[in-house]
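2 protein chains.
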Amino acid sequence: MSAALHLAGPQDLGRATALVAAFHGERGIVLSDEARRGAIAPLLEGVAHGVFYLVGPALAPIGYVVVTFGWSVEFGGMDAIVDEIYVRPAVRGRGIASDVLAALPRALAGAGVKALHLEVERGDAAARRLYARAGFAARSEYMLMSRRL
Amino acid sequence: MSAALHLAGPQDLGRATALVAAFHGERGIVLSDEARRGAIAPLLEGVAHGVFYLVGPALAPIGYVVVTFGWSVEFGGMDAIVDEIYVRPAVRGRGIASDVLAALPRALAGAGVKALHLEVERGDAAARRLYARAGFAARSEYMLMSRRL
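Top to bottom, those sequences are chains R and Y.
For what it's worth, my numbering labels the leading residue of the first sequence as 211, then goes sequentially.
For what it's worth, my numbering labels the leading residue of the second sequence as 211, then goes sequentially.
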């Protein structure tokens with residue numbers, strides 16, 4: 211099973227939205243279809259704030275990863291966050307997410323990205339192990355706080 | 211003491227860099243002067259990934275706040291992170307950081323930002339109270355993991 215990454219474009223909106231809806235359903239994230247498409251479409255149309263990669267065959271993807279770009283003075287420039295990563299249930303347990311996480315730094319370093327971050331549930335030991343194997347170090351003394359505008 | 215926000219431009223590079231160096235010195239963040247300027251200058255020159263606000267009088271600022279822009283599928287579009295916030299030691303304890311945090315949502319909502327996040331030390335009760343008063347909810351069940359590229 212190939213974990214090749216394909217940068218998604220406007221022609222992929224249907225496939226991308228279906229995958230995101232599956233992920234959100236699994237995680238209990240409630241979003242209207244309209245809001246979901248509105249959050250995905252700009253990523254396919256080249257907005258500067260992020261990219262949407264389909265995983266596997268572009269016409270029959272087995273997952274996706276959304277990477278968003280930001281900036282960190284401390285890290286010295288552009289950084290990036292793994293916003294969402296999803297592999298279809300039928301093909302889990304084959305190391306696909308690991309392959310995706312291994313491929314991302316190569317794809318991003320060429321764009322000048324200095325650091326890659328992701329958010330993990332503190333109690334999700336399997337996810338923490340996966341990310342640690344991929345070279346991510348826990349910032350366990352910190353946490354995020356959020357406010358909707 | 212006014213906590214008015216001024217969007218910094220290229221002419222503010224010297225003032226901005228001096229403030230950031232003071233903050234980094236206080237927090238033990240080690241960065242060469244060249245790397246620091248390289249991380250700040252694009253923010254003053256209009257890069258899409260963030261903005262640098264001087265706090266107080268533009269020619270004699272009493273602090274700064276760096277806000278970086280990203281994207282969140284779950285939040286439905288553009289989001290933002292308070293990357294760094296600093297108030298000069300001589301004027302602390304007067305509510306300036308609170309005023310800055312109150313002003314930011316007004317400044318950012320007009321730009322279409324859906325949510326504002328920040329990272330806090332879990333053990334820093336005073337900072338957590340400050341952010342909670344400003345409307346930020348802790349995502350205490352999550353943490354960030356990071357990898358330099």
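We put the CB at the ideal spot given by N, CA and C, even for glycine.
- Relative to SER356/Y, the option among LEU359/R, GLU331/R, ALA251/R and TYR341/R whose CA is nearest is TYR341/R.
- In terms of Cα proximity to ASP293/Y, the closest of ALA270/R, PRO299/R, LEU217/R and PHE285/R is PHE285/R.
- In this chain, the alpha helix (DSSP H) harbouring HIS234/Y covers 223 to 237.
- Rounded to whole angstroms, the gap between the alpha carbons of GLU351/Y and GLY320/Y is 30 Å.
- Pairwise C-beta distances place the stretch 267 to 276 of chain R out of contact with the stretch 228 to 239 of chain Y, as fewer than three of them are shorter than 8 Å.
- Residue pairing by DSSP places PHE279/R opposite ALA290/R in a beta bridge.
- Listed along chain Y are LEU359, each with a C-beta nearer than 7 Å to that of VAL323/R.
- The Cβ atoms of VAL275/Y and ILE250/Y do not sit closer than 8 Å to each other.
- With contacts defined by Cβ atoms closer than 8 Å, PHE262/Y and ALA307/Y do not form a contacting pair.
- Here ALA348/Y really is in contact with MET353/R; their C-beta atoms are around 6 Å apart, less than 8 Å.
- Taking all protein chains shown into account, ASP222/R has 16 or more neighbouring C-beta atoms within 10 Å of its C-beta and is therefore buried.
- In the DSSP assignment, LEU340/R falls within the alpha helix (DSSP H) that extends over 335 to 343.
- Closest in C-alpha terms to HIS216/R, from the list GLU329/R, LEU241/R and VAL277/R, comes VAL277/R.
- Looking at the backbone, the Cα of PHE346/Y and that of LEU241/R are separated by about 21 Å.
- Here GLY280/R is near GLY280/Y, since their CB atoms are less than 8 Å apart.
- Rounded to whole angstroms, the separation of the alpha carbons of LEU229/Y and GLY305/R is 45 Å.
- Around GLU331/Y, the beta-carbon contacts reaching into chain R at under 9 Å are GLU351, TYR352 and MET353.
- Secondary structure at ALA348/Y: strand, using DSSP grouped into helix, strand and coil.
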